[in-house]
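At position 39 of the sequence shown (counting the first as 1) the number is 38 in numbering that gives the first Met the number 0, and the numbers step up by one without a gap.
Backbone N, C-alpha and C define an ideal beta-carbon position, used for all residues, glycine too.
Read the structure below first, then the notes.
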Amino acid sequence: MKPLRVLFVCTGNRARSQMAEGWARKLAPPGVEVMSAGTQPNPKGVHPLAIEVMKEKAVDISRHRPKSLAELPGEFDYVITVCSEADAACPTLPARRARLAWHLPDPDQATGSDAEVREFFRRIRDDLEQRIRELFSSHQFTGSIEGAR
0 MKPLRVLFVC
10 TGNRARSQMA
20 EGWARKLAPP
30 GVEVMSAGTQ
40 PNPKGVHPLA
50 IEVMKEKAVD
60 ISRHRPKSLA
70 ELPGEFDYVI
80 TVCSEADAAC
90 PTLPARRARL
100 AWHLPDPDQA
110 TGSDAEVREF
120 FRRIRDDLEQ
130 RIRELFSSHQ
140 FTGSIEGAR
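Set out below in structure tokens:
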């Protein structure tokens, strides 16, 4: 059986798409392969607060690294952009089944006290968890898994 492939894309592959990949790997049904990439991968690595807030939910993304789209081989069944910049930067990135755009704010641009910035990252984390749970439980997705068998 060929795995169903899901790709999360943002600009830097530093926070949003990394958190999405972490959640999706944890929540994906069997037979789903999950990756993330950036249109312009950030050389600073995964944002430390993204790692920290995901760890609070027992999701370890500490070994992830920003990747470019060119580093990922093959086609994807689902391509999900998690920021408007990535959606605009890769309008022709094909998806075999569906392309989704989740326009989430950039946590790397959060301002305020350390506690306020951390809370901003938590809100993005929790939003992604909800969206990914809904995606994996949707008939469209579960039907895709059955069709891939």
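- Collapsing the DSSP output to three states places Gly21 in a helix.
- By the neighbour-count definition (other C-beta atoms within 10 Å, threshold 16), Arg124 is a buried residue.
- Taking C-beta atoms under 8 Å as the contact rule, Phe75 and Leu127 fail to qualify, at a distance of about 18 Å.
- For Ile60, no beta strand (DSSP E) run applies, since DSSP gives it neither H nor E.
- Put simply, the backbone Cα of Ala14 is about 10 Å away from that of Val81.
- At least 8 Å separates the beta-carbon of Val8 from that of Glu20.
- A residue is called buried once 16 or more other Cβ atoms fall within 10 Å of its Cβ, and Thr110, having fewer, is exposed.
- Annotated three-state conformation of Met0 is coil, per DSSP.
- With distances taken between CA atoms, Ile131 lies nearest to Val31 out of Gln39, Val31, Gly11 and Pro65.
- The Cβ atoms of Val45 and His63 sit closer than 8 Å to each other.
- Of Met18, Phe140 and Asn12, the smallest CA-CA separation from Thr38 is found for Asn12.
- Cα atoms of Pro93 and Phe120: separation of roughly 29 Å, rounded to the nearest angstrom.
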